[in-house]
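In order, the protein sequences belong to chains A and B.
If you're matching positions, the first sequence starts at 38 in our numbering and goes up one per residue.
If you're matching positions, the second sequence starts at 38 in our numbering and goes up one per residue.
No residue lacks a Cβ here, since even glycine has one placed at the ideal position from N, Cα and C.
From a predicted model like this one, the values you see are computed outputs, not experimental measurements.
Working notes for the structure below.
There are 2 protein chains.
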Amino acid sequence: MSHKLLVHNKRFLLESGLSLPKLEIAYHTFGKLNAEKSNVVWVAHALTANSNVFDWWQGLFGINELFNPDEYFVVCANNLGSCYGTTGPLSINPDTNQPWYAYFPEITTKDMANALQLLKEHLGIEKIHTLIGGSQGGQIALEWSLLQKDISEHLILIATNAQHSSWGIAFNESQRLAIKADRTYFSNSPQGGAKGLKAARSIALLSYRSYDTYQNTQSSDKYSNNYAASYQRYQGEKLVNRFNAYAYVRLSEAMDSHNISKNRGDNVVNVLKAIKAKTLVIGLKTDILFPTSEQRFIANNIKDSVYSEIDSLYGHDGFLIETKQLTEHIKQFYQSNTIKINEAVI
Amino acid sequence: MSHKLLVHNKRFLLESGLSLPKLEIAYHTFGKLNAEKSNVVWVAHALTANSNVFDWWQGLFGINELFNPDEYFVVCANNLGSCYGTTGPLSINPDTNQPWYAYFPEITTKDMANALQLLKEHLGIEKIHTLIGGSQGGQIALEWSLLQKDISEHLILIATNAQHSSWGIAFNESQRLAIKADRTYFSNSPQGGAKGLKAARSIALLSYRSYDTYQNTQSSDKYSNNYAASYQRYQGEKLVNRFNAYAYVRLSEAMDSHNISKNRGDNVVNVLKAIKAKTLVIGLKTDILFPTSEQRFIANNIKDSVYSEIDSLYGHDGFLIETKQLTEHIKQFYQSNTIKINEAVI
C-alpha cells in the first residue's frame, strides 16, 4: 500500500525559530473512521521506521490482530525529518531547488508532534481512541499529549522516556561521530555519509540488544569469531540501503532534544501530572537503552496510568518483536478500563 | 620514567603464519628482583594502556600501595601491536623502511603472550610471583598461563574472559566500522583514521560504563542536553591525542581472536582445568562488556581458584578505578593462600 500525502503549502515554524517553507506529510491509514469518529488508533513511529505500520509492527497491527482494520481506523504518519515521504533532509528546499541534505534545520520532538497535529486536523479527527508509540515514537506521543491536552482517550507508551538520558545521548553522539568521520557526509550528495551510517547502525544495534541477545542468537564460528562482526556489517548495510545519513543525524538530534519539562516549568513530575489520558506504560526488562526505571517514572507520575513489564531476549528491540505479549497487556488495559467505566455506571 | 627496550633481531613468528622481521619490546620495571627471584609481579595491560603501570594503575601500584617497589619487582611491557614503544603499526617495517600502518599483520592474544615470554627470558625471570591483568590484559595473562604452564605462582584475572563474546566482538566491529568510515584510514599516514578513532573511543566508552554511570556523573544541561554529547567528543579527542587508529584496529582484532580453546581441543572447560596457578578472578557487578558470568565461569573451572566481586558505579572501567577494593580482595587472596600453606605444614 503506497502512502498518502498531505501538502501543507504554508511555512511550518520550528521550535528553533527557523521554519520550513512548506511541509509534506506522508501517511498511511487502514480501516475506516466510524460514524462516531471513535475508533482512531494513531501510531507514532520510531527512529528509522515509516508510515506503513501494518508492515513493521505485524503481530500487533494486521487483519487478524488486535489493531485490525475491521474495528479500527489506524493512522500512521512518517515523522518530520525522515526519508519515507515526509519533508526531511532529502526533500527539495523550494528556496534553492536543491535537496537540503546537511542544511536541513535541526528539529525537536515538539516539531515532530506539531506535524502530526497538522495531519490530525486535515483528517478531521477530533479525538483519538488510542495514541501509541514505542521508543522515539513514545517520546513523540508523550510530547503531543502535552501540546494538545485532550488528544486521546488512551495513551500507550512503550520503551520510552520523559527526557532523553545522558546515556541515550552518548549513544546517539557516538553514532553521529561515526557518520561525520565519513567525510562524504559533507559532500551533500545522495549517498553522503553512507559508510558512517553503516557504522552508526552497528552501534545503535548494540543499544537495541544486550549481551544475552548476542550470546543466545549468534552461534559464533569457534575459530574465526567472525560471525558477530559480519552480522554488524550486514545490519549496517541493510540500513544504508533503506535510509540516509542526513535524516539519521537530524532524527537522532531530535531524540536528544526530548525533554517534556522544557519551557513547562522544569519539573518533569508536574508536567506528567497534566496528562489526562488513560495511560498504559510498558517497559522491557532487558532494555539497556530505555531501562524500565524510565517507564516506571512515567507511570508513577501520570495520574490515570498503569505500568506493565514485558520479558524479552531482544532488549529494546523487543518492543517490535514481542507483539504477543504487547497484545495481551493492551487487551488487559482496555478491559480494566471498561470495567472501571461499567462500575461507575452501576 | 622512560621505558627500557628489548631489541629482538630475529624474525618473530605470528599465529597467522606471517612473521615480523624484528621485534622491539618497550617495558618498565619498578623495584628490584630479590636474591630468590621470588618477588616478580608482572602486569599485562589492556587495550590502550602502556608499560608505565605506576602511572595508569595508581592506587594499586605505587610507592605506598600494595604493589610497591620496596617489596616487589614489577614488570610491565607495552603490548605487541600497540604504539607505546613496542613494535606495532607505527613502527618502521625494515623491509620497506616505511611505517607499517594498515599493512601491519593481524595479531592474536597468543602472539601478544609470546612477546611477553621473550621479555621474561631476556630478564632471566624463572617464576613470576603474581601475573595480573584486567580486560584484554587478563586475556593475555590467561593465554600466557596456558602457553607456559608454570609461569606464575599466583594469577589474578580481572574483568576478563576465556573467549571473547559475540557482544564484545560486535562492539569492536562497530568501532572498526567507524574508523574505516573515515577514509583517511586508507591513506596510511600518521593521522590516518583520526576522526574515526574519535568515534571509536566514544563507542568504547559506552561499553566501559553504564546507564547509571552517565546518569550519576553527568549533570545534564536541562535545556540543550548537550553535556553528554560533548563529553563523548572530549573523550574521543583525548584518545586521538595519545593513540592511533592503526594500532587500535589491530589490538581490537586481537581481542576478538581471544579464545583459549583454539587448537587446544575446543573445550574451554578442560582448557581452564590445566591452569595450575593459585588464581583470583575478580568481576565487577556493573560491567556490561565483560559481565560477571564470564569471570564466574573462569573461576568455576580453574582448579585452585577463588572468585570475588567488586561494586562500582563505573562498570568495566571500575577495574582501573576501584583500586581500594582491588587491594582488599588481593590482600585477602594472598592471606588465604598463606593460611592454606601453613595449615598444610601443620
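Fill in: Phe110/A: first and last residue of the uninterrupted beta strand (DSSP E) it sits in
In the DSSP assignment, Phe110/A falls within the beta strand (DSSP E) that extends over Phe110 to Ala114.
Worksheet item: Taking Cβ positions, are Arg220/A and Leu276/A nearer each other than 8 Å?
Response: Cβ atoms of Arg220/A and Leu276/A: not closer than 8 Å.
Item to complete: Count the other C-beta atoms from every protein chain shown that fall within 10 angstroms of the C-beta of Phe280/A, then say buried if there are 16 or more, exposed otherwise.
Response: Looking at its Cβ environment, which holds 16 or more other Cβ atoms inside 10 Å, Phe280/A is buried.
Practice prompt. Indicate whether at least one CB of chain B lies closer than 8 Å to the CB of Gln176/A.
Written response: With respect to chain B, the C-beta atom of Gln176/A has no partner C-beta closer than 8 Å.
Worksheet item: What residues from the stretch 200 to 221 of chain B come within 9 Å of chain A, judged by C-beta to C-beta, listed N to C?
Response: Residues of the stretch 200 to 221 of chain B with a C-beta less than 9 Å from any C-beta of chain A: Gln200, His201, Ser202, Ser203, Trp204, Gly205, Ile206, Ala207, Phe208, Asn209, Glu210, Ser211, Gln212, Arg213, Leu214, Ala215, Ile216, Lys217, Ala218, Asp219, Arg220 and Thr221, listed in chain order.
Item to complete: Can you give me, in chain order, the residues of the stretch 222 to 245 of chain B that have a beta carbon less than 7 Å from any beta carbon in chain A?
Response: Residues passing the 7 Å Cβ filter: Lys232, Gly233, Lys235, Ala236, Ser239, Ile240 and Leu243.
Worksheet entry | Residue from Tyr283/A, Leu243/A and Asp303/A whose Cα sits closest to the Cα of Ala265/A | That would be Leu243/A, whose Cα lies nearest to the Cα of Ala265/A.
Worksheet item: With a cut-off of 8 Å, does the C-beta of Pro328/B fall near any C-beta of chain A?
Response: Answer yes: the Cβ-Cβ gap between Pro328/B and chain A drops below 8 Å somewhere.
Discussion item. Need the endpoints of the beta strand (DSSP E) that Trp93/B sits in, please.
Written reply: Trp93/B -> not in any beta strand (DSSP E); alpha helix (DSSP H) instead, spanning Val90 to Trp93.
Discussion item. Classify Tyr140/B: buried if its beta carbon has 16 or more other beta carbons within 10 angstroms, exposed otherwise.
Written reply: Tyr140/B counts as exposed, since fewer than 16 other beta carbons sit within 10 angstroms of its beta carbon.
Discussion item. Counting only C-beta atoms, is Arg301/B closer than 8 Å to chain A at any point?
Written reply: So no, Arg301/B is outside the interface.
Item to complete: Answer with buried or exposed for Thr124/A, where buried requires no fewer than 16 other C-beta atoms within 10 angstroms of its C-beta.
Response: Counting the other Cβ atoms within 10 Å of the Cβ of Thr124/A gives 16 or more, which makes it buried.
Worksheet item: At least one CB of chain A closer than 8 Å to the CB of Asp148/B: is that the case?
Response: Taking Cβ atoms only, chain A never reaches closer than 8 Å to Asp148/B, which makes this a no.
Discussion item. Between Ile297/A and chain B, is the shortest Cβ-Cβ distance under 8 Å, so that the two count as touching?
Written reply: Residue-level contact by beta carbon fails for Ile297/A and chain B, as no gap is shorter than 8 Å.
Item to complete: Using a Cβ-Cβ cut-off of less than 7 Å, list which residues of the stretch 328 to 347 of chain B approach chain A; keep chain order.
Response: Those residues of the stretch 328 to 347 of chain B that come within reach of chain A (Cβ to Cβ, closer than 7 Å) are Pro328.
Discussion item. Considering only heavy atoms of the ligand FMN, does any lie closer than 7 Å to the CB of Ser119/B?
Written reply: Ligands are entirely absent from the displayed structure, and the ligand FMN is therefore not among its contents.
Worksheet item: Quick one: which chain A residues come within Cβ less than 7 Å of Asp354/B?
Response: The contacting residues do not exist; Asp354/B stays about 14 Å from chain A at best.
Fill in: Ile193/A, enclosing alpha helix (DSSP H) - first and last residue
No alpha helix (DSSP H) holds Ile193/A; the beta strand (DSSP E) holding it covers Ser189 to Ile195.
Fill in: Buried versus exposed, by CB contacts within 10 Å (16 or more), Tyr248/B
Classification for Tyr248/B: buried.
Fill in: 3 or more residues per run - each beta strand (DSSP E) lying fully within the stretch 120 to 195 of chain B
For secondary structure counted as the beta strand (DSSP E) over 3 or more consecutive residues, the stretch 120 to 195 of chain B holds these complete runs in sequence order: 165 to 171 and 189 to 195.
Worksheet entry | Option nearest Asn225/B by Cα separation, candidates Thr254/B, Leu127/B, Ile312/B and Leu160/B | Of the candidates Thr254/B, Leu127/B, Ile312/B and Leu160/B, the one whose C-alpha sits nearest the C-alpha of Asn225/B is Leu127/B.
Practice prompt. Using a Cβ-Cβ cut-off of less than 7 Å, list which residues of the stretch 278 to 296 of chain B approach chain A; keep chain order.
Written response: For the stretch 278 to 296 of chain B, which is checked against every Cβ of chain A, the residues closer than 7 Å are Asp293, Ser294 and Asn296.
Discussion item. Can you list, in chain order, the residues of its chain with a C-beta nearer than 8 Å to that of Gln372/B? Leave out the 5 residues immediately preceding and following it.
Written reply: Sequence-distant Cβ neighbours of Gln372/B in its own chain, meaning closer than 8 Å and more than five residues away, do not exist here.
Item to complete: Using 10 angstroms around the beta-carbon of Lys310/B, count the other beta-carbons present and answer buried if the total reaches 16, otherwise exposed.
Response: Exposed, since its Cβ has fewer than 16 Cβ neighbours within 10 Å.
Worksheet item: Going by DSSP, which residues form a beta bridge with Gln369/A?
Response: BP columns for Gln369/A are empty, so no partner.
Worksheet entry | Minimum C-alpha distance to Gln135/B - residue among Asn105/B, Pro227/B, Asn101/B and Gln252/B | Among Asn105/B, Pro227/B, Asn101/B and Gln252/B, the Cα nearest to that of Gln135/B is on Pro227/B.
Discussion item. I want to verify the contact list: residues of chain B whose CB lies under 8 Å from the CB of Gly99/A, in sequence order.
Written reply: Near Gly99/A there are no residues of chain B at all, since even the closest Cβ is about 31 Å away, more than 8 Å.
Worksheet item: Closest by CA to Ile312/B, which one among Asn71/B, Leu192/B, Asp303/B and Glu365/B?
Response: Answer by Cα proximity: Leu192/B.
Worksheet item: At a CB-CB cut-off below 7 Å, which residues of chain D make contact with Ala196/B?
Response: Chain labels in this structure do not include chain D; the protein chains are A and B.
Worksheet item: If you follow the alpha helix (DSSP H) that Ser289/B is part of, which residue opens it and which one closes it?
Response: Segment Ala282 to Ser294, the alpha helix (DSSP H) holding Ser289/B.
Practice prompt. Using a Cβ-Cβ cut-off of 8 Å, state whether Ser373/B counts as contacting chain A.
Written response: Not closer than 8 Å to any Cβ of chain A, the Cβ of Ser373/B fails to qualify, so no.
Worksheet item: Closest to Thr85/B by CA distance: which of Lys47/B, Gln95/B, Lys186/B and Met292/B is it?
Response: Ranking the options by Cα distance to Thr85/B, first place goes to Met292/B.
Worksheet entry | Where the beta strand (DSSP E) containing Ile62/A begins and where it ends | Segment Leu60 to Phe67, the beta strand (DSSP E) holding Ile62/A.
Practice prompt. With DSSP collapsed to three states, give me the class of Glu327/B.
Written response: Reading off the sequence shown, one finds Phe at residue 327/B, where the question assumed Glu. Coil.
Discussion item. If you follow the beta strand (DSSP E) that Tyr344/A is in, where does it begin and where does it stop?
Written reply: Ser342 to Ile347 is the span of the beta strand (DSSP E), which, as asked, contains Tyr344/A.
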